[in-house]
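Residue numbers (this note's numbering), protein chains in the order written: chain A, 1 to 445; chain B, 1 to 480; chain C, 1 to 125.
Just below is one structure, and these are the notes that go with it.
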Amino acid sequence: MGDFIVNTAWEQKQMCEAIGVEKPSDLFNGLPEDVRLTEPLNIPEGKSEAEVLSLIEDMAEQNKVFRTCFRGAGAYRHYIPAIVKNVTAKDEFKTAYTPYQPEMSQGILQSIFEYQTMICEMTGMDVSNASLYDGASAAAEAVMMCRDRKRKTIYVSETVNPRMREVIMTYATAAGAKVETVPACSDNTTDLEKLESLLAEDKEAACFLLQEPNYFGRLEEPQIAEKIVHEAGAKFIMACDPISLAVLKSPGEYGADAAVGEGQPLGLPLGAGGPYIGFLAAKQDMMRKLPGRIVGETTDHDGNRAYVLTLQAREQHIRREKASSNVCSNEALCALTASVYMAAMGADGMAQVAQMSAGAAHALRDALVEAGMEDVTGGEFFNEFITASKVPAEKIEQACLEKGILSGLPLDENRMLWCATEVNTPEEVAKVAAIVKELAEGGAQ
Amino acid sequence: MKLIFERGGEGHRSDFLPKNAFPAVEFEERFQRTEKPALPEVNEVEIAQHYTQLAKQAFGVSNGMYPLGSCTMKYNPKVNEEAASLKGFTDVHPLQPAETMQGVAAMYATLEKYLLEITGMDHVTFQPAAGAHGEFTGLQLIQAYHRARGDEKRTKIIVPDSAHGTNPASATMCGYQVVNVPSNEKGGIDIDLLKEAVGEDTAGLMLTNPNTLGIFDENIEEITSIIHEAGGLCYYDGANLNAVMGIARPGDMGFDVMHMNLHKTFSTPHGGGGPGSGPVACKEFLQEFLPGRQVVCEEGKFRFARQPKTIGSVTAFDGNALVVLRALAYVLTLGREGIPQAAENAVLNANYMRVGLQDVMDVPYDGPCMHEFVASAKTIKKETGVAALDIAKGMIDCEMHPPTIYFPLIVDEAMMFEPTETESKESIDRAVEAIKGICAKAYKDPEELHNAPHHAPIGRPDEVTAARHPVVRYEVKEEE
Amino acid sequence: MNFPKELKYSKTHEWLKMEDGVAVIGLTDFAQDELGDIVFINLPEEGDEFGVDDVFADVESVKAVSDINSPAGGTITEINEELLDAPEKINEAPYEAWLVKMEVSEEADDLMSAEEYEAFIESEK
C-alpha cells in the first residue's frame, strides 16, 4: 500500500510530544462520538503500484479505441504533436497551484496571457478570459453575462449542439432566466426570419447564440443574423469550432459581441469526455462582465514586465454573493495545452488542419452517397454532415463497429451525423463506404 | 522572458501533418476568413526552449512547501499520471456506444462505490468539473427538491461568515438570497443566531466541517437538525474532507448533499489552476434530480442512464474522466487503511506546524486544529507595520509558497496554513524556522519585508494599474 | 484629512451638496483613504431611482468591493462618466470627483455638518 506519507512512526511520536498528545488519533477527540466511524471503510485494502496499474489496464482493455473515427458532434479527434504532451507533462506546470502569488508564478501567468492573446486572434475579439470548464458551460456563462436589469431573455438557435443547449437550459433554470429556442429551417440552418420576428416582439432580448459551423456541420449566415440581433439591441454571440476559425470568418469579422466554444480540438485528447476547455472571448466593452480569471500585463517597481491575475474584484472570492458567476478555477493546464498546440501548428498549420478536415469530410460524403446514402445536410457544410438511409442508422453503426470503425453518430432511426478530420485517410473512407454499400444493397428489408 | 510572440519570426514553423490526400474544398467568399490570425511563428525547437524557460518561473508541489490553507496541495502521485495516459482511456470518444465504453463505466462505478463509503452518501454524479461547479450542481438538487414539492417559499441559503466565496456565489447563481450567520468565539456557527435565521424561507445551509478556520464544529448534529426541522436541506462543502476522510463522514453528520474536490483531497494535480473535478454525492431522495448520465450495472454489463427528473447537465459529457481516473488510482493505492491514515497525518502535521508558530504569530483559536489552522499577523502589524502580505512575500524569498492570506475574512491579517500529510517533519521544521526568521525581521528591518520578495524573477507587480487600465492580450506589432 | 465646510456628510462616508436644485454626491476623503487605490467604479444609469441609504454604486479596489449608499432619495440625472476610465480621480480629489447628480425627492434626516462628521470619525476610531 502506498500512502505518500513521509514521516516514520518515530517522527510522528516526536511530533505528538511537541504538540502535547500521546498519539495522533487523540487530535480527533473533539469530534462527537456518534459521527465517528467505528469500523474501517468497506473498501479494498491499499494496493501496490503494480497492482493498481494492472487493475486500471484491465479497465482500459474494456474500452474500445477506434483507430478509424468518423464521429464528432462536439468532441473531435485531431493529431496532437508530441511537443504538446511534452510541455504539459512538466511538473512545474502540472502540479502548480493557481498563480495568486505572481512573483513566483510568472511562467504560468505568462502562458495564460499568451493563451488569451491567441484566442483573441482566432476569434477576432478584444479580450479573452483564462478559460472555463468546457464549451457548453462557457456558452451558458456567456449568455448569462449578457443579461442585465433591462434585458433578460436569452435566444438560442435550435442548430446549436444539443448538449450545449441543455447546459444553457440548466444554468438558466437555476437562475430563473428565460430561454427561447429559435427553430431551424428544413435546410438545417437557423430560421432567420423567425429570429427577426421573435426579436421584434421582445424589447427585453439580451442575446442570441448561433453556432458556426452548426451542430449539423452547416454553414449559417452570421452576417445576416448579426444585423437582426443588433437592430433589436441585443448581443450577438457565436459558438465556434476553433480549428474552423483558421479558414472561416471569425466572430470578430462577423461583428459578434462575444465568442465561445469547445477548445478540445486544440491539442486535448478525446479522453472519454474530459477534461476539456471552454474559451470565452468578447469585445472590449464587455471585459468587466467576463466571468472567470483574467491575466493582465503590468510592471514591477523596477519596470520589469510582469503578469498578474487582474480584475479580481469581479470574482467570487471578493464579490461573494454579489458575483455574477461562482467560477473559481479555470482549466489552466488545458489552456496551456491549447496554447502549445496553436503555437506548434501556427496559423498555417491550423489552416492545413481545417482544409484537410473539410476535404476529408466532403470526400467521405461523396463516397457515402455513391454507396447509396442520401446527403440530407441541406447545403454547404464544413467538416460534418448528415446522411439518411433506408438502412437503420444503428445497423450501420453496428456493422462499422464490427470492422473497428466508429461511424457517424445516429441522430434518429435513419439519420447519421458524420465527421472527418485530417487524421482520416482515403483508405478509411473507402473502407466505410464499402460497408455501407454492402448494407444498402443487400441489407435493408 | 520573451513572450512566445516575440520568438521565431516569419517562416519559422514545424510540419506535423502529411500532405493533403483529398481534393481541396473552396468555400464561398462570404464564409472565408480575410485576416490571418497572428499566431506565433515558431519552430518546435523554439517552443521547447520557450516553455522550458517558463517552467523555471513556476512553482510546483515538488519545488518546495506549499502550505496553502483550503487547497490541500498534497503530493501528486506519478502512478496516477501513468494511469491517466493509457490510450484505452485517452482515445475514447465520449459518444461511443456503451458496450465499447465498459471500462469508462467501470471506472465511474468503482470510484463511486468507494466515495460513497468515504462520504456516507448514496449516489454520485461525476459531471461537475470543479468544486464551485459541484456547489452549483448540489444547490440545484436542493432547488429541484423544493420545487418538486411545490414549495416556492424557500428563497434563502444560509452560510457562515467564514464561508469560502464560492458558497454565496453559487447560491446567487440559483437565484437564492444569501443569509450570513456569524461564527461564535470558538469559530463554530453561533447556534442561537442560526435558530433566529432559519424559517419557512430556508432552502438550505452550506457548511464545511471542519470549517475554514480548521476547526471541527462539535455542534454539527444540532446544526443540521435545526435546518432539517425548518424544512431545509444541508449542503457540505467537501473542500476540507482531507481532515476527516475515513474517520468521520458528512452523510453521518446530517448532510444531504455535498461535493468533493478530487484535485484537493484525492491528489489529482492542480495544473496551475485546473482542470479539477468536483463530483457531487447525495442521499437517496435526491437521486432523481441528478444531472448527466449515471452508470447502471445490469447483468454484469454497464449502461448509462438519465434520471427521470434530472436538472439537466452542467457540462456537455460525463465529467473530467481523466481526472476521475487519477483519483481512482489514488483511492486504490491508499485503500482501507491509507485513507484514514492520510487524514490523521494531515491533522498531525497541521498541529505540529501550529505549535511551531504559536510563539511568533497570533493563533486566534486555541486548542487543537484539524488539517489546517489560521494564524494572524495582527499583533505584528500593530507593532511593526508588517502585514500578512509582507510576511507572505518574505516567504517567497525562502523558496516556500506562502500560505493562503486574508482568508477567512473573519480573521484580521489571516494566514491559513495547511501542510498536508505528504509534508515531512523536517520540511515543516525548516518552514517554521524560516517563518520565525521573517517575523523577527519584521521587528528589525520592516522595510526589507515591505519590499520583498528580493530574489524572485520580479518584484511586487503594480496591481492597481493592472486593474485600472487592463492589458489582457499582446498586440502583435504591425509591420512598417 | 479634508472636511469642506459647505458639504453635508453621511454616516457611510458620502458627501452631498445642492447645486441649482440638484444634489451632487461623492465620497469623502476618509472614504477614499479607507478604500485604498480605487480601480473601478460601477455607477448606476440616468433615470435610476434610489431611496435614502440604498446602494446605488460600488467601488472596486484590487482586493475588495465596497457598496456606496445614497445620502438622499431620488432619481439619477447625471453620472460622472469620466470616472469610468479614470477612477483614480476619486483618490486624488474626492471632493471634485462627484459620482452622480440626483433630483431629490426625499431628504435624509441624519446628514452631518463638516464639524459633526469630523467628530463622528474620531469617535469611530
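Virtual Cβ for every residue (Gly too), placed ideally from N, Cα, C.
This structure is a prediction, so every number in the text was calculated from the model and none was measured.
Could you spell out the range, first to last residue, of the alpha helix (DSSP H) harbouring residue i?
i	result
A:Ile112	Gln106 to Thr123
A:Ser407	First-last for A:Ser407: undefined, no H or E at that position.
B:Asn349	Ala321 to Leu357
A:Thr387	Unbroken run through A:Thr387 is the beta strand (DSSP E), Glu384 to Ala388; no alpha helix (DSSP H).
A:Gln62	From DSSP, A:Gln62 is part of no alpha helix (DSSP H); its letter is neither H nor E.
Could you check whether residue j and residue i sit closer than 8 Å to each other, using their CB atoms as the reference points?
i	j	result
B:Ala144	B:Phe289	yes
B:Met395	B:Ile438	yes
B:Ala129	B:Val295	no
B:Val323	B:Ser277	yes
A:Leu417	A:Ala75	no
B:Gly103	A:Ala60	yes
B:Val257	B:Leu357	no
B:Gly88	A:Val65	yes
A:Gly273	B:Pro94	yes
A:Val361	A:Glu374	First, the residue type needs correcting, since residue 361 of chain A is Ala and not Val in the sequence shown. Going by C-beta atoms, A:Ala361 is not nearer than 8 Å to A:Glu374.
B:Gly482	B:His401	Look at the range of chain B in this structure, 1 to 480, and you will see that residue 482 of chain B is not part of it.
B:Asp237	B:Thr208	yes
For chain C, find out if any of its Cβ atoms is closer than 8 Å to the Cβ of residue i; answer yes or no.
i	result
B:Arg468	yes
B:Glu413	no
A:Ile119	no
B:Val464	yes
A:Arg163	no
A:Arg288	yes
A:Ala313	yes
Compare the C-beta of residue i against all C-beta atoms of chain A and say whether one is closer than 8 Å.
i	result
C:Phe40	yes
B:Met260	no
B:Glu480	Confidence in B:Glu480 is poor, its pLDDT being 41 and thus under 50, which makes the residue's placement unreliable; the coordinate value appears in the next sentence. Chain A, which has no Cβ nearer than 8 Å to the Cβ of B:Glu480, makes this no.
B:Val280	no
C:Ala31	no
C:Val62	yes
B:Ser313	yes
B:Leu555	The structure shown does not extend to residue 555 of chain B, since chain B is modelled only from 1 to 480, so the question has no answer here.
B:Gln160	Going by the sequence as given, residue 160 of chain B is Pro instead of Gln. No, B:Pro160 does not count as interfacial toward chain A.
B:Ala388	no
So the beta strand (DSSP E) residue i belongs to, where does it begin and stop?
i	result
C:Asp67	Val65 to Asn69
B:Gln294	Arg293 to Glu298
B:His259	Val257 to His259
B:Asp237	Leu233 to Asp237
Any C-beta of chain B sitting closer than 8 Å to the C-beta of residue i?
i	result
A:Gln445	Bear in mind that a pLDDT of 44 at A:Gln445, under 50, signals an unreliable position, so the model cannot answer this.
A:Cys334	yes
C:Asp67	no
A:Gly30	yes
A:Val167	yes
C:Pro87	yes
C:Asp37	yes
A:Ala343	yes
A:Ser197	no
Flag residue i as yes when its Cβ comes closer than 7 Å to any non-hydrogen atom of the ligand ADP, and as no otherwise.
i	result
A:Lys47	Of the ligands one can find in the structure shown there are none, so the ligand ADP has no counterpart to examine.
Could you tell me how far apart the beta carbons of residue i and residue j are, in whole angstroms, since I believe they sit closer than 8 Å?
i	j	result
B:Met361	B:Val347	So it is not a contact: roughly 20 Å between Cβ atoms.
C:Lys8	C:Met112	7 Å
A:Val295	A:Gly278	No, A:Val295 and A:Gly278 are not in contact; Cβ-Cβ is about 17 Å, not under 8 Å.
C:Glu14	C:Leu27	6 Å
A:Asp191	A:Val179	Incorrect: roughly 17 Å between the Cβ atoms, too far for contact.
With 8 Å set as the bound, which would you pick, yes or no: does the beta-carbon of residue i sit closer than that to a beta-carbon of chain D?
i	result
B:Ala38	The structure shown contains no chain D; the protein chains it does contain are A, B and C.
Report task. Would you check if the region 407–422 of chain A and the region 381–397 of chain A touch, i.e. whether three or more CB-CB distances between them fall below 8 Å? Result -> yes
Query raised in the report: Is there contact here, the region 261–278 of chain A with the region 338–346 of chain A, by at least three beta-carbon pairs under 8 Å?
Result: yes
Query raised in the report: Using 8 Å as the Cβ pair cut-off and three pairs as the minimum, do the region 295–314 of chain A and the region 51–64 of chain C touch?
Result: yes
Query raised in the report: Do the region 91–100 of chain C and the region 34–54 of chain C make contact, defined as three or more Cβ pairs closer than 8 Å?
Result: yes
**Report entry** Cβ pair count under 8 Å reaching 3, the region 186–198 of chain B against the region 219–234 of chain B
**Finding:** yes
Query raised in the report: Quick check: the region 337–355 of chain B against the region 1–15 of chain A, are there 3 or more CB pairs under 8 Å?
Result: yes
Report task. Count the CB pairs spanning the region 468–475 of chain B and the region 275–294 of chain A that are closer than 8 Å, and state whether there are at least three. Result -> yes
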